[in-house]
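Visitor: At position 343 of the sequence shown (counting the first as 1) the number is 342 in numbering that gives the first Met the number 0, and the numbers step up by one without a gap.
From the three backbone atoms N, C-alpha and C, an ideal C-beta is built for every residue, glycine too.
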Amino acid sequence: MSHTAERKSRTKIHKAQFQFGRLVRDINHRITAGDDSKSILDFLFDSLDIIIPYDRIGIALIEGQGKHRRLCSEWMKSKTPCGHLGVGYCGPLDGSSLEHILATGHPRIINDLVQYGIEKPESESTQLALKDGIRSSLSCPVYLHQQPIGIVFFSSGTPETYKSEHIDTYLEIADELAFIIDQDRRRQETSSAKSTGQNVRMLLHDLKSPLNIIQGFLQIAQDEDWYKILDQDAKRVFTTLERNASHMSNLLGELAELNQLNFQKEKAEIREVTLREFLSEIEAVAIDLASKKSIAVILKWDANLPEKTFFDPLKIRRVMDNLMSNAVKYSTRETTVRLSVSYRQGQLHFEVSDQGLGIPENELPKLFHEFGKTSVRPTEGESSSGMGLAIAKKIVEQHQGQISVHSQVGRGSTFSFWIPTR
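1. Report the rounded CA-to-CA distance for SER122 versus ARG69, giving the unit in angstroms.
2. Under a three-way DSSP split, which group does SER324 fall into?
3. Quick check on the burial criterion: 16 or more other C-beta atoms within 10 angstroms. Buried or exposed for ARG9?
4. From this set, LYS291, ASP301 and MET319, which residue's C-alpha is nearest GLU280's C-alpha?
5. If you reduce the DSSP assignment to three classes, tell me which class MET75 lands in.
6. Please return the same chain residues whose Cβ sits closer than 6 angstroms to the Cβ of VAL86, not counting the five positions on each side in sequence.
7. Going by DSSP, name the residue or residues bridged to THR308.
8. With a cut-off of 8 angstroms on the beta carbons, I'd call PRO140 and PRO147 a contact; round off their distance for me.
9. Could you check the C-alpha separation between SER471 and ILE358 for me, to the nearest Å?
10. In its own chain, which residues sit with a C-beta less than 8 angstroms from the C-beta of SER403, not counting the 5 before and 5 after it?
11. Check each candidate in LEU388, ARG343 and GLU379 and name the one with the smallest Cα separation from HIS365.
12. How would you write the range of the beta strand (DSSP E) that LYS372 sits in, first residue to last?
13. Where does TYR53 sit, in a helix, a strand or coil, going by DSSP?
14. When burial is assigned at 16 or more other CB atoms within 10 Å of the CB, is ASP54 buried or exposed?
15. Can you tell which of HIS144, ILE108 and SER382 has its C-alpha closest to the C-alpha of SER135?
16. Between which two residues does the beta strand (DSSP E) containing VAL336 stretch?
17. Count the other C-beta atoms from every protein chain shown that fall within 10 angstroms of the C-beta of ALA102, then say buried if there are 16 or more, exposed otherwise.
18. Given a cut-off of 9 angstroms on the beta-carbon distance, is the pair GLY345 and SER412 in contact?
19. Count the other CB atoms, across all protein chains shown, that sit within 10 Å of the CB of CYS81; report buried if there are 16 or more and exposed otherwise.
20. With DSSP run on the structure shown, which of helix, strand or coil describes GLY104?
21. CB-CB under 6 angstroms to GLN397, same chain, minus the five flanking residues each way: which ones, in chain order?
22. Could you tell me which of PRO419, HIS405 and ASN361 sits nearest to VAL395, measuring between CA atoms?
23. Give a yes or no on whether the C-beta atoms belonging to LEU288 and VAL327 are separated by under 9 angstroms.
24. Run through DSSP, which three-state label would GLY90 get?
25. Where are the alpha helix (DSSP H) runs, 4 residues long or more, that stay fully inside the segment 108-181, in chain order?
26. Tell me the DSSP secondary structure of THR378 in three-state form.
27. Nearest to ARG332 by CA position, among MET247, ASP181, SER77 and SER290, is which residue?
28. Between SER96 and LYS119, is the Cβ-Cβ spacing less than 9 angstroms?
29. To which residues of the same chain is GLY409 closer than 6 angstroms at the C-beta, ignoring the five residues directly before and after it?
30. Taking the C-alpha atoms as reference points, what is the distance between GLN231 and GLN399?
31. Can you name the start and end residues of the alpha helix (DSSP H) that ALA389 belongs to?
32. Apart from the five residues just before and just after LEU84, which ones in its own chain have a Cβ nearer than 7 angstroms to its Cβ?
33. Out of LEU229, GLU241 and ASP224, which has the shortest C-alpha to C-alpha gap to PHE216?
34. Looking at VAL296: is its Cβ nearer than 9 angstroms to the Cβ of ARG337?
35. Identify, in the order they occur along the chain, each residue of the same chain with its Cβ nearer than 6 angstroms to the Cβ of ILE51, setting aside the five sequence neighbours on each side.
36. From LYS227, LEU274, MET247 and ASP224, pick the residue whose C-alpha is nearest to that of GLN214; which is it?
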């Protein structure tokens, strides 16, 4: 190489390095400033064109689990028509050559896509890319927290476009790119969750309004003179309607509460609580509830309980009421329910034990999930929505705690949870 050619080559390299350094600084500045992820991606790939050549660039993210994983095209920027392989295209990942890229973390260059298509006629994405005029490609894995999340595809209509230095350039911005993609995905998930939450809230309102009217008319009817002269069979019809309307109202209430916990990210209102006073209120409600089935309630707390602590009393009361209600529902008459509270290593531990029916071990995983009902039924036909434990779990987790269950068929169940003291 002549001195002139060598000097030109060094100048070109230094210019590219300077441009790349400025690009990385600009990306980080835009991320710090909170710019929209889509605009950052557009800026990034417009700027990359002078460093990594392309006619088309796309991002595909992993969806699904195990053998059902697939890569789905989420974003694309193209200088040429892409009528065959565009945004929304999904292909199976299991057994594909792209799976190897994600497993090893090594980018792949194909500089003769026509020949590759002949060797891999079963590759649908390759055949579609060829139809779009793509002749060489650089496929780069995207990792977040050391886990693969997708692939960035640089594609060119010219063969022999990509070289090893293009891989080196990509690796320099890989972390920033993964962060941008993750931020955009989180934004989409938040937007989707917000929209879903709003739709559910509107649906619940639309269901609640006519139900309130039905309940109102049922109550009015029972105060009318004509109701008093009805025979017992007719009155039983009204009683059945009222009971089911009440069950439906409770169900809608729990759905609304679950919707709020799921989609509106309602925060726990942590405040100071006088613990023994709080527990005495829980005990009073539990005794009243259990008295309907002549069930004894025994409350026990450790002597070392702190006098005051901090949590959301309304929400923790909601958890305790649910556990106590379940204990009564699934217990036979004249048994005992025990409530115990202890303090260990900066944690408050709550426990509700019954002498009820118990739950088969293989059905325990159903608990704490929405509509997670088991084959066990309340002993006197009480209603159960299957959402109470899911609500309880979310409330406990809001307090950075954990909830669990131990059960034995024919012996009863013990539900426990703990929350940190503050």
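Guide: Short version:
1. As a first step, residue 122 is located in the sequence shown; it is residue number 123 there, counting from the start. As a first step, residue 69 is located in the sequence shown; it is residue number 70 there, counting from the start. One C-alpha to the other measures close to 14 angstroms.
2. Indexing the sequence shown from 1 puts residue 324 at position 325. Correct three-state label for SER324: helix.
3. Position 10 of the sequence shown, counted from the start, is the residue given in the question as residue 9. Low confidence applies here, because ARG9 scores a pLDDT of 48, under 50, leaving its location unreliable; read the following figure in that light. Exposed.
4. Taking the sequence shown and counting its residues from 1, the one referred to as residue 280 is at position 281. A check of alpha carbon separations from GLU280 across LYS291, ASP301 and MET319 identifies MET319 as the nearest.
5. To locate residue 75, count along the sequence shown from 1; it is residue 76. Three-state DSSP puts MET75 in a strand.
6. The residue you call residue 86 lines up with position 87 of the sequence shown. Here the set comprises SER72 and MET75.
7. Indexing the sequence shown from 1 puts residue 308 at position 309. Note: THR308 sits in a beta bridge opposite VAL272.
8. Counted from its first residue, the sequence shown places residue 140 at position 141. Counted from its first residue, the sequence shown places residue 147 at position 148. About 6 angstroms; that satisfies the 8 angstroms criterion.
9. Any answer about residue 471 is impossible in this case: the structure gives the chain only from 0 up to 421.
10. The residue given as residue 403 occupies position 404 in the sequence shown. Around SER403: PHE414, SER415 and PHE416.
11. In the sequence shown, residue 365 corresponds to position 366, counting from 1. Correcting the residue type first, residue 365 is Lys in the shown sequence and not His. Nearest of LEU388, ARG343 and GLU379 to LYS365, Cα basis: LEU388.
12. Counting from 1 along the sequence shown, the entry for residue 372 is found at position 373. Segment: none, LYS372 is in no beta strand (DSSP E) and carries neither H nor E.
13. Residue numbering aside, residue 53 sits at position 54 when the sequence shown is read from its first letter. In this structure, TYR53 counts as coil in the three-state DSSP scheme.
14. By one-based count along the sequence shown, residue 54 stands at place 55. ASP54 is buried by the Cβ-count criterion.
15. To locate residue 135, count along the sequence shown from 1; it is residue 136. Cα-wise, what sits closest to SER135 is ILE108.
16. Translated into positions along the sequence shown, residue 336 becomes position 337. Annotation: the continuous beta strand (DSSP E) that includes VAL336 extends over 335-343.
17. Your numbering for residue 102 matches position 103 in the sequence shown. The residue in question, ALA102, is exposed, as its Cβ has fewer than 16 Cβ neighbours within 10 Å.
18. Against the sequence shown, residue 345 aligns to sequence position 346. Against the sequence shown, residue 412 aligns to sequence position 413. Not a contact, by the Cβ cut-off of 9 angstroms.
19. Start at 1 with the first residue of the sequence shown, and residue 81 comes out as number 82. Its Cβ being crowded by 16 or more others within 10 Å, CYS81 is buried.
20. Numbered from 1 along the sequence shown, position 105 holds the residue referred to as residue 104. Here GLY104 sits in coil by DSSP.
21. Working through the sequence shown from its first residue, we reach residue 397 at position 398. Excluding sequence neighbours, GLN397 sits near ALA267.
22. Along the sequence shown, read from residue 1 onward, the residue named residue 395 stands at position 396. Distance check between VAL395 and each of PRO419, HIS405 and ASN361 places PRO419 closest, using alpha-carbon atoms only.
23. Stepping through the sequence shown from its first residue, residue 288 is reached at position 289. Stepping through the sequence shown from its first residue, residue 327 is reached at position 328. Their beta carbons are under 9 angstroms apart, which means LEU288 touches VAL327 by this criterion.
24. Locating residue 90 in the sequence shown gives position 91, counting from the first residue. Three-state DSSP puts GLY90 in a strand.
25. Runs found: 112-118 and 123-130.
26. Position 379 of the sequence shown holds residue 378. DSSP places THR378 in coil when its eight states are reduced to three.
27. Here residue 332 refers to the residue found at position 333 when the sequence shown is read from its first residue. Closest in C-alpha terms to ARG332, from the list MET247, ASP181, SER77 and SER290, comes SER290.
28. By 1-based counting over the sequence shown, the position of residue 96 is 97. By 1-based counting over the sequence shown, the position of residue 119 is 120. One thing to note: SER96 has its Cβ within 9 angstroms of the Cβ of LYS119.
29. By 1-based counting over the sequence shown, the position of residue 409 is 410. GLY357.
30. Counting from 1 along the sequence shown, the entry for residue 231 is found at position 232. Counting from 1 along the sequence shown, the entry for residue 399 is found at position 400. One C-alpha to the other measures close to 52 angstroms.
31. Mapped onto the sequence shown, residue 389 falls at position 390. Here the alpha helix (DSSP H) through ALA389 covers 387-397.
32. The residue labelled residue 84 in the question sits at position 85 within the sequence shown. Closer than 7 angstroms at the Cβ level, and outside the excluded window around LEU84, lie SER124, LEU127, ALA128 and ASP131.
33. As a position in the sequence shown, residue 216 is number 217, starting the count at 1. Residue GLU241 is the option with its Cα nearest to PHE216.
34. Taking the sequence shown and counting its residues from 1, the one referred to as residue 296 is at position 297. Taking the sequence shown and counting its residues from 1, the one referred to as residue 337 is at position 338. Yes, the Cβ-Cβ distance between VAL296 and ARG337 is below 9 angstroms.
35. Against the sequence shown, residue 51 aligns to sequence position 52. Excluding residues within five positions, the ones whose Cβ falls inside 6 angstroms are PHE153, HIS165 and THR168.
36. Numbered from 1 along the sequence shown, position 215 holds the residue referred to as residue 214. The shortest Cα separation from GLN214 among LYS227, LEU274, MET247 and ASP224 belongs to MET247.
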